[in-house]
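In terms of the working numbering, the sequence shown opens at residue 5 and continues consecutively.
In this text, a Cβ means the ideal position worked out from N, Cα and C, and glycines have one as well.
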Amino acid sequence: MGTAASSFLNPIAGGLDGRGSRLAATKLSRRARRRLQIQAMIGACYVVDALVLLVYASAGTVPMALGMAYALCGLSLCALYALLSELGFHERFRDHYLVAPQSALNMVNQLAFTYIAPQVGVLFLCNLFVVFGFGALRTSARQTALIWAVMVLGLAVLFLLTDKPIAMPHGNTLERLATMLVFALTIGRCMFLGMFSSSMQQSLYQNGQKLKEAYKRIEELAELDELTGAFNRRSIMRMLDEEIVRCERTGATCSVALIDLDWFKRVNDIYGHPTGDEVLRTFAISMFANIRSIDRFGRHGGEEFLLILPELNEDGAMRALDRLRAIIAELDWSAFSPVMKVTISAGIATLRPNEGPDMLLARADSALYSAKARGRNRIASA
(Lines of atoms letter the chains of each structure in order from A and count residues from 1; the text may use other names and numbers.)
(Lines give C-alpha, C1' and ligand atoms only; values in the text may rest on other atoms or scores of the structure.)
Protein backbone atom coordinates (compact mmCIF):
# COMPACT_ATOMS: atom_id res chain seq x y z
CA MET A 1 0.00 0.00 0.00
CA GLY A 2 2.89 2.34 0.79
CA THR A 3 4.43 1.67 -2.61
CA ALA A 4 1.14 2.32 -4.36
CA ALA A 5 0.62 5.53 -2.46
CA SER A 6 4.15 6.61 -3.29
CA SER A 7 3.68 5.93 -6.99
CA PHE A 8 0.44 7.90 -6.92
CA LEU A 9 1.89 10.88 -5.08
CA ASN A 10 5.17 11.14 -6.96
CA PRO A 11 3.57 12.36 -10.23
CA ILE A 12 1.68 14.99 -8.24
CA ALA A 13 4.85 16.11 -6.46
CA GLY A 14 6.64 16.14 -9.80
CA GLY A 15 3.87 18.29 -11.28
CA LEU A 16 4.09 20.72 -8.39
CA ASP A 17 7.87 20.86 -8.71
CA GLY A 18 7.52 21.48 -12.45
CA ARG A 19 5.04 24.26 -11.87
CA GLY A 20 7.29 25.81 -9.22
CA SER A 21 10.25 25.65 -11.61
CA ARG A 22 8.25 27.36 -14.34
CA LEU A 23 7.16 30.12 -11.96
CA ALA A 24 10.75 30.61 -10.78
CA ALA A 25 12.01 30.74 -14.39
CA THR A 26 9.33 33.31 -15.27
CA LYS A 27 10.31 35.46 -12.28
CA LEU A 28 14.01 35.28 -13.17
CA SER A 29 13.27 36.16 -16.80
CA ARG A 30 11.15 39.15 -15.80
CA ARG A 31 13.87 40.40 -13.45
CA ALA A 32 16.57 40.02 -16.13
CA ARG A 33 14.38 41.94 -18.58
CA ARG A 34 13.99 44.79 -16.09
CA ARG A 35 17.75 44.93 -15.56
CA LEU A 36 18.28 45.23 -19.31
CA GLN A 37 15.68 47.99 -19.49
CA ILE A 38 17.49 49.89 -16.74
CA GLN A 39 20.81 49.53 -18.56
CA ALA A 40 19.19 50.70 -21.79
CA MET A 41 17.97 53.87 -20.04
CA ILE A 42 21.38 54.51 -18.49
CA GLY A 43 23.05 53.96 -21.85
CA ALA A 44 20.63 56.41 -23.48
CA CYS A 45 21.59 59.03 -20.86
CA TYR A 46 25.28 58.58 -21.69
CA VAL A 47 24.55 59.00 -25.40
CA VAL A 48 22.49 62.17 -24.81
CA ASP A 49 25.25 63.63 -22.61
CA ALA A 50 27.78 62.75 -25.30
CA LEU A 51 25.73 64.82 -27.75
CA VAL A 52 25.82 67.74 -25.32
CA LEU A 53 29.60 67.33 -25.15
CA LEU A 54 29.66 67.54 -28.93
CA VAL A 55 27.88 70.89 -28.66
CA TYR A 56 30.60 72.02 -26.23
CA ALA A 57 33.18 70.66 -28.69
CA SER A 58 31.59 72.70 -31.49
CA ALA A 59 31.99 75.77 -29.29
CA GLY A 60 35.68 74.92 -28.90
CA THR A 61 35.40 74.19 -25.16
CA VAL A 62 36.52 70.54 -25.29
CA PRO A 63 38.01 68.25 -27.96
CA MET A 64 35.63 66.26 -30.17
CA ALA A 65 37.02 62.97 -28.86
CA LEU A 66 35.73 63.67 -25.34
CA GLY A 67 32.09 63.01 -26.23
CA MET A 68 32.98 59.73 -27.94
CA ALA A 69 35.17 58.64 -25.01
CA TYR A 70 32.42 59.49 -22.50
CA ALA A 71 29.78 57.56 -24.46
CA LEU A 72 32.11 54.59 -24.96
CA CYS A 73 33.00 54.43 -21.29
CA GLY A 74 29.37 54.66 -20.14
CA LEU A 75 28.09 52.15 -22.70
CA SER A 76 30.90 49.76 -21.74
CA LEU A 77 29.74 49.86 -18.12
CA CYS A 78 26.16 49.19 -19.24
CA ALA A 79 27.29 46.33 -21.48
CA LEU A 80 29.28 44.79 -18.60
CA TYR A 81 26.26 44.88 -16.29
CA ALA A 82 24.02 43.47 -19.03
CA LEU A 83 26.48 40.61 -19.63
CA LEU A 84 26.70 39.81 -15.92
CA SER A 85 22.89 39.86 -15.76
CA GLU A 86 22.61 37.41 -18.66
CA LEU A 87 25.12 35.11 -16.96
CA GLY A 88 23.00 35.13 -13.80
CA PHE A 89 25.71 36.83 -11.72
CA HIS A 90 23.19 39.26 -10.15
CA GLU A 91 21.04 36.43 -8.77
CA ARG A 92 23.80 35.43 -6.33
CA PHE A 93 23.19 38.57 -4.30
CA ARG A 94 20.35 39.79 -2.13
CA ASP A 95 20.06 42.91 -4.28
CA HIS A 96 19.29 41.37 -7.66
CA TYR A 97 19.94 44.71 -9.38
CA LEU A 98 23.28 45.51 -7.72
CA VAL A 99 22.17 49.12 -7.42
CA ALA A 100 24.77 50.15 -4.82
CA PRO A 101 27.89 49.01 -6.72
CA GLN A 102 26.42 50.20 -10.01
CA SER A 103 25.72 53.67 -8.57
CA ALA A 104 29.18 53.82 -6.98
CA LEU A 105 30.92 52.96 -10.28
CA ASN A 106 28.88 55.50 -12.22
CA MET A 107 29.72 58.16 -9.64
CA VAL A 108 33.42 57.31 -9.93
CA ASN A 109 33.05 57.59 -13.70
CA GLN A 110 31.46 61.04 -13.44
CA LEU A 111 34.14 62.24 -11.02
CA ALA A 112 36.89 60.86 -13.27
CA PHE A 113 35.55 62.78 -16.27
CA THR A 114 35.26 65.89 -14.11
CA TYR A 115 38.99 65.54 -13.46
CA ILE A 116 39.75 64.84 -17.13
CA ALA A 117 37.61 67.70 -18.48
CA PRO A 118 37.07 70.24 -15.67
CA GLN A 119 36.17 72.93 -18.22
CA VAL A 120 32.75 71.20 -18.60
CA GLY A 121 32.65 69.85 -15.04
CA VAL A 122 29.13 71.18 -14.55
CA LEU A 123 27.75 68.37 -16.76
CA PHE A 124 29.40 65.57 -14.79
CA LEU A 125 28.67 67.07 -11.38
CA CYS A 126 24.99 67.52 -12.27
CA ASN A 127 24.90 63.86 -13.22
CA LEU A 128 25.93 62.98 -9.67
CA PHE A 129 22.50 64.16 -8.51
CA VAL A 130 20.80 61.86 -11.01
CA VAL A 131 22.98 58.86 -10.15
CA PHE A 132 22.44 59.37 -6.42
CA GLY A 133 18.69 59.82 -6.88
CA PHE A 134 18.47 56.65 -8.98
CA GLY A 135 20.43 54.67 -6.40
CA ALA A 136 18.32 55.93 -3.49
CA LEU A 137 15.16 54.54 -5.10
CA ARG A 138 16.16 50.89 -4.69
CA THR A 139 18.71 50.84 -1.87
CA SER A 140 18.51 50.44 1.88
CA ALA A 141 19.49 53.23 4.25
CA ARG A 142 22.88 51.60 4.77
CA GLN A 143 23.52 51.28 1.03
CA THR A 144 22.41 54.87 0.43
CA ALA A 145 24.84 56.05 3.10
CA LEU A 146 27.60 54.04 1.42
CA ILE A 147 26.86 55.60 -2.00
CA TRP A 148 26.82 59.06 -0.41
CA ALA A 149 30.17 58.35 1.28
CA VAL A 150 31.71 57.33 -2.07
CA MET A 151 30.41 60.54 -3.64
CA VAL A 152 31.67 62.76 -0.81
CA LEU A 153 35.08 61.07 -0.83
CA GLY A 154 35.38 61.58 -4.58
CA LEU A 155 34.34 65.23 -4.32
CA ALA A 156 36.82 65.77 -1.49
CA VAL A 157 39.64 64.36 -3.60
CA LEU A 158 38.54 66.42 -6.59
CA PHE A 159 38.13 69.75 -4.79
CA LEU A 160 40.69 69.52 -1.98
CA LEU A 161 43.54 67.48 -3.44
CA THR A 162 43.55 68.92 -6.95
CA ASP A 163 43.52 72.43 -8.34
CA LYS A 164 41.34 71.65 -11.34
CA PRO A 165 39.29 74.75 -12.38
CA ILE A 166 35.87 73.12 -12.56
CA ALA A 167 33.78 75.37 -14.77
CA MET A 168 30.31 76.09 -16.07
CA PRO A 169 30.95 77.29 -19.66
CA HIS A 170 28.95 80.31 -20.78
CA GLY A 171 31.39 82.38 -22.85
CA ASN A 172 29.52 82.16 -26.15
CA THR A 173 26.12 81.20 -27.52
CA LEU A 174 26.95 77.51 -28.10
CA GLU A 175 28.38 77.16 -24.60
CA ARG A 176 25.31 78.81 -23.13
CA LEU A 177 23.10 76.47 -25.18
CA ALA A 178 25.03 73.40 -24.03
CA THR A 179 24.96 74.51 -20.37
CA MET A 180 21.24 75.21 -20.63
CA LEU A 181 20.79 71.66 -21.98
CA VAL A 182 22.80 70.28 -19.05
CA PHE A 183 20.43 71.86 -16.53
CA ALA A 184 17.32 71.05 -18.57
CA LEU A 185 18.31 67.38 -18.87
CA THR A 186 19.27 67.17 -15.19
CA ILE A 187 15.94 68.63 -14.09
CA GLY A 188 14.10 66.38 -16.55
CA ARG A 189 15.85 63.29 -15.24
CA CYS A 190 15.09 64.29 -11.66
CA MET A 191 11.44 64.75 -12.62
CA PHE A 192 11.46 61.29 -14.24
CA LEU A 193 12.95 59.79 -11.07
CA GLY A 194 10.26 61.54 -9.04
CA MET A 195 7.50 60.17 -11.27
CA PHE A 196 9.10 56.72 -11.16
CA SER A 197 9.28 56.92 -7.36
CA SER A 198 5.64 57.97 -7.20
CA SER A 199 4.71 55.09 -9.48
CA MET A 200 6.63 52.68 -7.26
CA GLN A 201 4.90 54.00 -4.15
CA GLN A 202 1.50 53.69 -5.82
CA SER A 203 2.33 50.16 -6.91
CA LEU A 204 3.50 49.27 -3.40
CA TYR A 205 0.34 50.77 -1.94
CA GLN A 206 -1.87 48.79 -4.34
CA ASN A 207 0.06 45.61 -3.62
CA GLY A 208 -0.32 46.31 0.09
CA GLN A 209 -4.07 46.71 -0.32
CA LYS A 210 -4.24 43.47 -2.29
CA LEU A 211 -2.28 41.71 0.45
CA LYS A 212 -4.64 43.07 3.10
CA GLU A 213 -7.62 41.85 1.10
CA ALA A 214 -5.95 38.48 0.61
CA TYR A 215 -5.19 38.16 4.34
CA LYS A 216 -8.75 39.15 5.15
CA ARG A 217 -10.05 36.56 2.71
CA ILE A 218 -7.76 33.93 4.20
CA GLU A 219 -9.02 34.77 7.68
CA GLU A 220 -12.60 34.50 6.46
CA LEU A 221 -11.93 31.17 4.79
CA ALA A 222 -10.25 29.94 7.96
CA GLU A 223 -13.45 30.71 9.90
CA LEU A 224 -16.10 29.71 7.37
CA ASP A 225 -17.33 26.37 6.17
CA GLU A 226 -16.42 26.21 2.50
CA LEU A 227 -19.69 24.59 1.38
CA THR A 228 -22.37 26.47 3.29
CA GLY A 229 -20.69 29.78 4.21
CA ALA A 230 -21.62 29.18 7.86
CA PHE A 231 -18.95 29.30 10.55
CA ASN A 232 -16.93 26.10 10.67
CA ARG A 233 -16.81 23.87 13.74
CA ARG A 234 -13.66 25.41 15.19
CA SER A 235 -15.03 28.95 14.86
CA ILE A 236 -18.51 28.25 16.19
CA MET A 237 -17.07 26.37 19.19
CA ARG A 238 -14.79 29.30 19.94
CA MET A 239 -17.78 31.63 19.77
CA LEU A 240 -19.69 29.37 22.14
CA ASP A 241 -16.81 29.50 24.64
CA GLU A 242 -16.74 33.30 24.39
CA GLU A 243 -20.51 33.55 24.87
CA ILE A 244 -20.38 31.32 27.97
CA VAL A 245 -17.63 33.50 29.46
CA ARG A 246 -19.72 36.60 28.70
CA CYS A 247 -22.78 35.11 30.38
CA GLU A 248 -20.76 34.14 33.47
CA ARG A 249 -19.39 37.67 33.69
CA THR A 250 -22.66 39.55 33.14
CA GLY A 251 -25.25 37.03 34.32
CA ALA A 252 -26.95 37.12 30.88
CA THR A 253 -29.01 34.29 29.43
CA CYS A 254 -28.00 32.21 26.45
CA SER A 255 -29.47 29.21 24.66
CA VAL A 256 -28.06 26.93 21.99
CA ALA A 257 -29.75 24.75 19.40
CA LEU A 258 -28.36 21.72 17.62
CA ILE A 259 -30.16 21.50 14.30
CA ASP A 260 -30.25 18.45 12.05
CA LEU A 261 -31.74 18.06 8.55
CA ASP A 262 -34.25 15.20 8.66
CA TRP A 263 -33.48 12.16 6.55
CA PHE A 264 -30.66 13.95 4.82
CA LYS A 265 -28.91 10.69 3.97
CA ARG A 266 -31.89 9.83 1.77
CA VAL A 267 -31.39 13.08 -0.17
CA ASN A 268 -27.81 12.10 -0.92
CA ASP A 269 -28.78 8.53 -1.81
CA ILE A 270 -31.69 9.46 -4.08
CA TYR A 271 -30.54 12.71 -5.69
CA GLY A 272 -26.77 12.47 -5.32
CA HIS A 273 -24.19 14.37 -3.29
CA PRO A 274 -24.10 17.48 -5.55
CA THR A 275 -27.84 17.96 -4.91
CA GLY A 276 -27.26 17.28 -1.23
CA ASP A 277 -24.64 20.01 -1.16
CA GLU A 278 -27.07 22.45 -2.78
CA VAL A 279 -29.71 21.54 -0.18
CA LEU A 280 -27.24 22.27 2.63
CA ARG A 281 -26.28 25.55 1.00
CA THR A 282 -29.92 26.60 0.52
CA PHE A 283 -30.71 25.69 4.13
CA ALA A 284 -27.77 27.74 5.42
CA ILE A 285 -28.77 30.77 3.32
CA SER A 286 -32.33 30.54 4.63
CA MET A 287 -31.07 30.40 8.19
CA PHE A 288 -28.83 33.43 7.74
CA ALA A 289 -31.76 35.36 6.30
CA ASN A 290 -33.98 34.66 9.31
CA ILE A 291 -31.78 34.83 12.40
CA ARG A 292 -30.87 37.91 14.41
CA SER A 293 -27.65 39.82 13.85
CA ILE A 294 -26.38 38.77 17.29
CA ASP A 295 -27.03 35.08 16.67
CA ARG A 296 -24.18 32.83 15.57
CA PHE A 297 -24.75 29.97 13.14
CA GLY A 298 -22.17 27.33 12.26
CA ARG A 299 -21.76 23.86 10.85
CA HIS A 300 -21.16 21.43 13.69
CA GLY A 301 -20.55 18.46 11.43
CA GLY A 302 -22.17 16.80 8.40
CA GLU A 303 -25.79 17.91 8.25
CA GLU A 304 -25.78 19.06 11.89
CA PHE A 305 -25.58 22.78 12.69
CA LEU A 306 -25.17 24.78 15.89
CA LEU A 307 -27.10 27.99 16.52
CA ILE A 308 -26.06 30.23 19.43
CA LEU A 309 -28.89 32.43 20.71
CA PRO A 310 -27.63 35.13 23.10
CA GLU A 311 -30.15 36.79 25.44
CA LEU A 312 -32.81 34.10 24.86
CA ASN A 313 -34.16 31.82 27.58
CA GLU A 314 -35.70 28.42 26.88
CA ASP A 315 -39.14 29.76 25.91
CA GLY A 316 -37.70 32.41 23.61
CA ALA A 317 -35.39 29.89 22.01
CA MET A 318 -38.28 27.46 21.46
CA ARG A 319 -40.31 30.13 19.71
CA ALA A 320 -37.35 31.20 17.56
CA LEU A 321 -36.52 27.64 16.51
CA ASP A 322 -40.12 26.73 15.81
CA ARG A 323 -40.36 29.76 13.52
CA LEU A 324 -37.19 28.69 11.70
CA ARG A 325 -38.51 25.10 11.47
CA ALA A 326 -41.71 26.33 9.82
CA ILE A 327 -39.74 28.52 7.36
CA ILE A 328 -37.58 25.59 6.24
CA ALA A 329 -40.58 23.26 5.96
CA GLU A 330 -42.41 25.77 3.76
CA LEU A 331 -39.51 26.35 1.37
CA ASP A 332 -40.08 25.41 -2.25
CA TRP A 333 -37.59 22.64 -3.04
CA SER A 334 -39.08 21.83 -6.45
CA ALA A 335 -36.00 23.23 -8.20
CA PHE A 336 -34.23 20.06 -7.04
CA SER A 337 -37.15 17.65 -7.38
CA PRO A 338 -40.95 18.07 -7.60
CA VAL A 339 -41.42 15.71 -4.65
CA MET A 340 -38.52 16.89 -2.48
CA LYS A 341 -39.41 17.98 1.05
CA VAL A 342 -36.81 19.10 3.58
CA THR A 343 -37.48 19.56 7.26
CA ILE A 344 -35.35 20.06 10.34
CA SER A 345 -35.32 18.88 13.93
CA ALA A 346 -33.62 20.77 16.73
CA GLY A 347 -32.63 20.28 20.33
CA ILE A 348 -32.44 23.32 22.60
CA ALA A 349 -30.53 23.78 25.84
CA THR A 350 -30.33 26.93 27.95
CA LEU A 351 -27.09 27.67 29.77
CA ARG A 352 -27.07 26.85 33.46
CA PRO A 353 -24.80 28.38 36.13
CA ASN A 354 -21.24 27.01 36.06
CA GLU A 355 -22.03 24.88 33.01
CA GLY A 356 -19.36 24.30 30.38
CA PRO A 357 -19.79 23.95 26.61
CA ASP A 358 -19.50 20.15 26.64
CA MET A 359 -22.36 19.67 29.11
CA LEU A 360 -24.47 22.32 27.37
CA LEU A 361 -24.05 20.65 23.98
CA ALA A 362 -24.63 17.21 25.49
CA ARG A 363 -28.03 18.38 26.75
CA ALA A 364 -28.83 19.97 23.37
CA ASP A 365 -27.85 16.73 21.63
CA SER A 366 -30.08 14.75 23.98
CA ALA A 367 -32.97 17.09 23.16
CA LEU A 368 -32.27 16.68 19.43
CA TYR A 369 -32.36 12.90 19.80
CA SER A 370 -35.71 13.26 21.58
CA ALA A 371 -37.10 15.43 18.75
CA LYS A 372 -36.09 12.80 16.19
CA ALA A 373 -37.55 9.99 18.27
CA ARG A 374 -40.89 11.82 18.43
CA GLY A 375 -41.26 11.94 14.65
CA ARG A 376 -38.80 14.63 13.43
CA ASN A 377 -39.74 18.07 12.05
CA ARG A 378 -40.07 19.29 15.59
CA ILE A 379 -38.24 21.12 18.38
CA ALA A 380 -37.39 19.70 21.80
CA SER A 381 -35.66 21.20 24.82
CA ALA A 382 -33.52 19.77 27.59
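{"Asked": "Below 8 Å on the Cβ atoms is my contact criterion, and I expect Ala377 with Ala261 to pass it. Report the Cβ-Cβ distance as a whole number of Å.", "Found": "Actually they are not in contact, since the Cβ atoms of Ala377 and Ala261 sit about 17 Å apart, beyond 8 Å."}
{"Asked": "Taking buried to mean at least 16 other C-beta atoms within 10 Å of its own C-beta, is Glu307 buried or exposed?", "Found": "buried"}
{"Asked": "If you drop the 5 nearest sequence neighbours on each side, which residues of the same chain put their C-beta closer than 7 Å to that of Ala75?", "Found": "Tyr50, Val51 and Ala54"}
{"Asked": "Cα-Cα, which of Arg323, Val59, Val66 and Arg270 is closest to Ile120?", "Found": "Val66"}
{"Asked": "Report the rounded CA-to-CA distance for Phe196 versus Ala36, giving the unit in angstroms.", "Found": "22 Å"}
{"Asked": "Relative to the alpha-carbon of Ile295, which residue among Ile274, Ala321 and His304 has its alpha-carbon at the smallest distance?", "Found": "Ala321"}
{"Asked": "Between which two residues does the beta strand (DSSP E) carrying Ile312 extend?", "Found": "Glu308 to Pro314"}
{"Asked": "Apart from the five residues just before and just after Thr177, which ones in its own chain have a Cβ nearer than 7 Å to its Cβ?", "Found": "none"}
{"Asked": "Bridge partners for Gly92 per DSSP, in chain order?", "Found": "Per DSSP, none; premise fails for Gly92."}
{"Asked": "Can you find the residues in the same chain that come closer than 7 Å, C-beta to C-beta, to Ala368, ignoring five residues on each side of it along the sequence?", "Found": "Val260, Ala261, Leu262, Gly351, Ile352, Ala353 and Ala386"}
{"Asked": "Among the residues of its own chain, which have a CB less than 8 Å from the CB of Asp326, if the five just before and after it don't count?", "Found": "Ile383"}
{"Asked": "Please report how far the alpha carbon of Gln206 lies from the alpha carbon of Tyr219, in whole angstroms.", "Found": "20 Å"}
{"Asked": "Looking at C-beta atoms only, is the number of pairs between the stretch 297-305 and the stretch 272-283 that lie closer than 8 Å three or more?", "Found": "no"}
{"Asked": "If I'm right that Leu284 touches Leu231 with Cβ under 8 Å, what's the distance once you round it to whole angstroms?", "Found": "6 Å"}
{"Asked": "For a test of the three-state rule: what should DSSP assign to Phe235, helix, strand or coil?", "Found": "strand"}
{"Asked": "Which full runs of the alpha helix (DSSP H) of 4+ residues lie inside the stretch 217-285, going along the chain?", "Found": "237-254 and 268-275"}
{"Asked": "Work out the CA separation of Glu252 and Ile289 for me, nearest whole Å.", "Found": "31 Å"}
{"Asked": "Can you tell me whether Asp229 is buried or exposed, with buried defined as 16 or more other CB within 10 angstroms of its CB?", "Found": "buried"}
{"Asked": "Counting along the chain, where does the beta strand (DSSP E) carrying Gly302 start and finish?", "Found": "Arg300 to Gly305"}
{"Asked": "Applying the criterion that 16 or more other CB atoms from any shown protein chain within 10 Å of the CB defines a buried residue, is Arg39 buried or exposed?", "Found": "buried"}
{"Asked": "Taking the straight line between their C-alpha atoms, what separation do you get for Trp152 and Ala108?", "Found": "9 Å"}
{"Asked": "In angstroms, rounded to a whole number, what distance separates the CA positions of Arg180 and Val186?", "Found": "10 Å"}
{"Asked": "Which ranges does the alpha helix (DSSP H) cover as unbroken runs of at least 4 residues, wholly within the stretch 51-107, from first to last along the chain?", "Found": "68-90"}
{"Asked": "Within a Cβ cutoff of 7 Å, which residues of the same chain sit near Asn236, ignoring the five residues on either side of it in sequence?", "Found": "Glu227, Leu228, Asp229, Gly302 and Arg303"}
{"Asked": "In or out: Arg250 buried (at least 16 other Cβ within 10 Å) or exposed?", "Found": "exposed"}
{"Asked": "DSSP on Thr143, reduced to helix/strand/coil?", "Found": "coil"}
{"Asked": "How many angstroms separate the CA atom of Ala366 from the CA atom of Ser341?", "Found": "35 Å"}
{"Asked": "Where do the N-terminal and C-terminal ends of the alpha helix (DSSP H) with Ala374 fall, by residue?", "Found": "According to the sequence displayed, residue 374 carries Ser and not Ala. First-last of the alpha helix (DSSP H) with Ser374: Pro361 to Ala377."}
{"Asked": "Helix, strand or coil, according to DSSP, for Ala321 in the structure here?", "Found": "helix"}
{"Asked": "Nearest to Val135 by alpha carbon, out of Ala145, Lys345, Gln114 and Arg146?", "Found": "Gln114"}
{"Asked": "Answer yes or no: do Val124 and Tyr60 have a C-beta to C-beta separation smaller than 8 Å?", "Found": "yes"}
{"Asked": "Report the partner residues of Thr354 according to the DSSP bridge assignment.", "Found": "Ser259"}
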